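Under my numbering, the letters of the sequence shown match residues 385 to 450, in that order.
Glycine residues also receive a C-beta, built at the ideal position from the N, C-alpha and C atoms.
Quantities reported herein were computed from a predicted structural model and do not represent experimental measurements.
Working notes for the structure below.
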Amino acid sequence: MADVNNTKAYPGDIAIECSKVRKCGWKGMESDMASVPHKTMKGAMQRICPKCGCDSYYRRDTGCAT
Ligand SMILES: [Zn+2]
385 MADVNNTKAY PGDIAIECSK VRKCGWKGME SDMASVPHKT MKGAMQRICP KCGCDSYYRR
445 DTGCAT
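Encoded structure:
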């Protein structure tokens, strides 16, 4: 599990991990998530875990911003 992307693709990109920590364990940047049409909001997009498709995630606090 060494391939965790921590590089911001744009200012404001955040480090996250899938909320299914045990089942999935995916970690990366918000920009790495898959974009799909929103379940309930017509015309809107939402981001999901690229590994398991879960639509909720946690922020990973890196602690330093260098
Ligand atoms: Zn996941």
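In the DSSP assignment, what are the bridge partners of residue i?
i: GLU401; result: LYS411, TYR442
i: MET429; result: PRO421
For ligand 1, is there any heavy atom lying closer than 7 Å to the beta carbon of residue i?
i: LYS411; result: no
i: LYS423; result: no
i: LYS435; result: yes
i: LYS426; result: no
i: LYS404; result: yes
When the distance is taken between beta carbons, is residue j closer than 8 Å to residue i?
i: TYR394; j: SER415; result: yes
i: GLY412; j: VAL388; result: yes
i: CYS402; j: GLY396; result: no
Let me know the secondary structure DSSP gives residue i once reduced to three states.
i: ASP387; result: coil
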